[in-house]
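Each residue of the sequence shown is one higher than the last, beginning at 1031 in my numbering.
The structure under discussion appears below in the form of structure tokens.
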Amino acid sequence: MLTKFSLKKYVKELVFVFLCMLRTLPLLIILSFSLLAYGQKEERLPADLRQHNLTTYNASLFNPAFSFDRNNAESVAFWSRWQWQAIDGDPTTVFLNYTRKLNGRSAAGLAFFQQNTGVFFNTGGALNYAYQFQFNELVRLSVGLNVFAFQQELADDRFQTDPNLPLPLTSTVGTDFIVQMAPGVNISVERLSLSLASENLIDYNFNEKEGNTAKEDKIFMSLLSYDFPLMLGSATNAFLRPSMYLRTIPGQSNQVGFYTLLNTDKYWGQVGYNNFYGYGIGAGATFFKHLSLGALVELGTGASITKDTSFELMAAYLLGKPDQRNKVVGFDLESDTDIVMELNPDGQKKTAEVEVPEKAEESAQTDKEEAKQAKKVAKIEEKERRKREKFVRDSIARVEKEAALAAKALQKEQDREAKKIAKEAQGKDEEAREAELLARKQQEQARQLDSINKAREERALAEARSLAEKRKQDSIAKVEAARRLAERAKQQEADKPKQGEKYEEVQTEDGLEPGYYLIANVFGTKKYFEAFMSDLRSKGMDPGFFVRSKNNYHYAYLGRFDTMQAARAARDSNFGGKYTGKTWIFRVVGK
1031 MLTKFSLKKY VKELVFVFLC MLRTLPLLII LSFSLLAYGQ KEERLPADLR
1081 QHNLTTYNAS LFNPAFSFDR NNAESVAFWS RWQWQAIDGD PTTVFLNYTR
1131 KLNGRSAAGL AFFQQNTGVF FNTGGALNYA YQFQFNELVR LSVGLNVFAF
1181 QQELADDRFQ TDPNLPLPLT STVGTDFIVQ MAPGVNISVE RLSLSLASEN
1231 LIDYNFNEKE GNTAKEDKIF MSLLSYDFPL MLGSATNAFL RPSMYLRTIP
1281 GQSNQVGFYT LLNTDKYWGQ VGYNNFYGYG IGAGATFFKH LSLGALVELG
1331 TGASITKDTS FELMAAYLLG KPDQRNKVVG FDLESDTDIV MELNPDGQKK
1381 TAEVEVPEKA EESAQTDKEE AKQAKKVAKI EEKERRKREK FVRDSIARVE
1431 KEAALAAKAL QKEQDREAKK IAKEAQGKDE EAREAELLAR KQQEQARQLD
1481 SINKAREERA LAEARSLAEK RKQDSIAKVE AARRLAERAK QQEADKPKQG
1531 EKYEEVQTED GLEPGYYLIA NVFGTKKYFE AFMSDLRSKG MDPGFFVRSK
1581 NNYHYAYLGR FDTMQAARAA RDSNFGGKYT GKTWIFRVVG K
């Protein structure tokens, strides 16, 4: 049973954590919306795992550190997602996971997954490990790691290569074996949690013998949440968890999302919003204290590629004992070792006990008496539990009432003090008026005496400012002229072809716009040229071309640039990782 002292301590801790949230939340909101406004690009289906709705079961897929305190102690969980398609089609993502706590500080998991990103089809497995550092009763730090190993193949094989066509596709068609590492960290201060994870911080393609993704293609996720314990009738371990998350997706606008989870040991429900995928609502229930089933529907919005609906199904089976399920930290109204007490006729407390038969030959009447006694004990336990819950509710209400009365008394005291100060100030108004009149006279005399000096100072100051402004303009003009000369020299130096660099330069011809063209290929046959252009467009590029009257060849280029530096950067980066074939620079000089 909670004492008055522990209740006051509980309220103080809750106010402290709430103030911490108020200080942290505006910063995260400003960061989220600033990142959201950054660089709106053409939307396409992201290549991430789309696991933003995983709140309880398989939460370690969102952050590997969650396998310790959000996954159940020992369970098998299944999750599947149908992205913008009917439920009778093949799911775009399937994840089957086994999680087990190794001890009081660590947990591990083993999983199988399949995912269709729209471009690639990935099939493989995942290993998970998480470890928690307990600094004190309130502060905990969890670190975790997911290691994915999977085969990757093209999800769409409609384009078939022709060996007679000189297209650079042979190195990209086939199946690749990839290992990918996803670390995560989660820090909890009582019931406030802040986490950070990366989905593909380190990866390696064993077929290509190089990293699978570039540095700028890494996916990062952060999440802020707070757990509010609840008392919902007979439902145990109930809590409300509002959360906010941010996801950075390569080549996409940043994803910002919110969701609220209501969870008990018997049922759960959640509602949320993602600025890319839309609104989501889900619910589930636990049967026989072990089997959990749930579903979620996500409605597309105008911010998405499509307004079609997405579906998610999830199932989990608890292999351990029901009381091993994770509970909200700091909320345990009664322990499993509570002893039921009853009063004897003298008003003294004693422990209720159930008589245990000492002999196997006891009669049926004795069994009935024991059953009645056990039923009576159960009723007493239930009554005591309700009394404790009522005491907690009454105590909280009493604390809130006392706080309101104290605030009211403080306000009255402040009002009395303000009236007293106002009365004292009123008596000093006359002295203040006389002092003000004297000060005005002195100011007028000083103003008259200083008028001549002030005029001289203003004239001298104006002349000095004019001279300084002239010098400033002359300096700016010199600096600007020097800068233009330096830029012109730098541009001329940059335009010089490097040794071994394939480069061609012509004067304006055939109406071409002056600039630097990154040439991907040159064709004398229109059939091969059209096949090559179609292949580039299927990879998401927007190539261009021109025909030279000199040789009647088709020049296919990936892009036009204003400077040699920009053209070289696009060539050296394989056009942003989109084109792995050889390229060269074709310059058109203006008149």
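Beta carbons are placed, not taken as given, at the ideal position from N, Cα and C, and that holds for glycine.
Everything numeric in this text was worked out from a predicted model, so none of it was measured.
Checklist line | LYS1449 versus GLU1443 - alpha carbon distance | finding: 10 Å
Check: What residues match up with GLN1145 in a beta bridge as DSSP calls it?
Finding: THR1123, ASN1152
Check: With 16 as the cutoff for other CB atoms within 10 Å, does GLN1182 come out buried or exposed?
Finding: buried
Next item on the list: With distances taken Cα to Cα, identify the nearest neighbour of ASN1158 among ASN1551, GLY1148, LEU1126.
Entry: LEU1126
Notebook entry, point to check: Comparing alpha-carbon positions, which option in GLN1503, ASN1551, ALA1156 lies nearest GLY1174?
Noted result: ALA1156
Notebook entry, point to check: Can you check whether the CB of ASN1293 is closer than 8 Å to the CB of THR1129?
Noted result: no
Next item on the list: Alpha carbon to alpha carbon, how far is LEU1468 from ALA1494? Give it in angstroms, no decimals.
Entry: 37 Å
Margin query: Within a Cβ cutoff of 6 Å, which residues of the same chain sit near SER1255, ignoring the five residues on either side of it in sequence?
Written below: SER1223, ARG1271, SER1273
Item checked: Integer-rounded CB distance, given that PHE1096 should sit under 8 Å from ALA1089 -> 4 Å
Note to self: Check for me: the beta strand (DSSP E) holding GLY1310 runs from which residue to which?
What the structure shows: 1308–1317
Item checked: Beta-carbon proximity of PHE1180 to THR1153, cut-off 8 Å -> yes
Margin query: Once DSSP output is grouped into helix, strand and coil, what is the label at ALA1448?
Written below: helix
Notebook entry, point to check: Contact check, GLY1148 vs ALA1107 under 8 Å by CB: the rounded distance?
Noted result: 25 Å between Cβ atoms; not a contact.
Next item on the list: Take ILE1232 as the anchor and find which of ILE1311, PRO1213, SER1225 has the nearest alpha-carbon.
Entry: PRO1213
Next item on the list: Compare the Cα-Cα distances from TYR1289 to each of ASP1295, LYS1296, ILE1279, ASN1305 and report the closest residue.
Entry: ASN1305
Notebook entry, point to check: Where does the unbroken beta strand (DSSP E) through ASP1206 begin, and where does it stop?
Noted result: 1206–1219
Check: Cβ of ALA1586 within 8 Å of Cβ of ALA1561?
Finding: no
Check: Taking DSSP as the reference, what is the three-state secondary structure of ARG1617?
Finding: strand
Next item on the list: Measuring alpha carbon to alpha carbon, tell me which of LEU1497, ASP1572, MET1594, LYS1471 ends up nearest GLU1531.
Entry: MET1594
Next item on the list: Report, in whole angstroms, the separation of the C-beta atoms of TYR1307 and SER1340, which I expect to be a contact under 8 Å.
Entry: 7 Å
Note to self: Is the separation between the beta-carbon of ARG1617 and that of GLU1535 shorter than 8 Å?
What the structure shows: yes
Notebook entry, point to check: How would you label ILE1482, buried or exposed, when you count the other beta carbons within 10 angstroms and need 16 or more for buried?
Noted result: exposed
Next item on the list: Compare the C-alpha of ASN1581 against each of ARG1590, GLY1607, ASP1592, PHE1553 and name the closest.
Entry: PHE1553
Item checked: Spatial distance of SER1579 from VAL1619 (CA atoms) -> 17 Å
Checklist line | Inter-residue spacing [alpha-carbon to alpha-carbon] between ILE1426 and LEU1435 | finding: 14 Å
Next item on the list: Using 10 angstroms around the beta-carbon of PRO1527, count the other beta-carbons present and answer buried if the total reaches 16, otherwise exposed.
Entry: exposed
Checklist line | Enclosing alpha helix (DSSP H) for ASP1233 [first to last residue] | finding: From DSSP, ASP1233 is part of no alpha helix (DSSP H) but of the beta strand (DSSP E) over 1232–1235.
Checklist line | Limits of the beta strand (DSSP E) - the one that PHE1165 falls within | finding: Careful: PHE1165 lies outside any beta strand (DSSP E) and carries neither H nor E.
Notebook entry, point to check: If you follow the beta strand (DSSP E) that PHE1092 is part of, which residue opens it and which one closes it?
Noted result: Segment: none, PHE1092 is in no beta strand (DSSP E) and carries neither H nor E.
Check: Looking only at DSSP bridge pairs, what is VAL1584 linked to?
Finding: First, the residue type needs correcting, since residue 1584 is His and not Val in the sequence shown. Per DSSP, PHE1553, VAL1577.
Next item on the list: Please report the residue range of the beta strand (DSSP E) in which ARG1111 lies.
Entry: 1104–1112
Margin query: DSSP three-state label for ALA1185, please.
Written below: coil
Notebook entry, point to check: Just reading off the alpha helix (DSSP H) that ALA1244 is part of, what are its end residues?
Noted result: Neither: ALA1244 is in no alpha helix (DSSP H) and is coded neither H nor E.
Next item on the list: Please determine, among GLY1545, ARG1135, LYS1500, GLU1487, the residue with the shortest C-alpha to C-alpha distance to SER1172.
Entry: ARG1135
Check: Looking at SER1225 and VAL1215, is the spacing between their C-beta atoms short of 8 Å?
Finding: yes
Checklist line | Sequence-distant residues of the same chain with beta carbon closer than 7 Å to GLN1113, five excluded per side | finding: ARG1080, THR1122, SER1340
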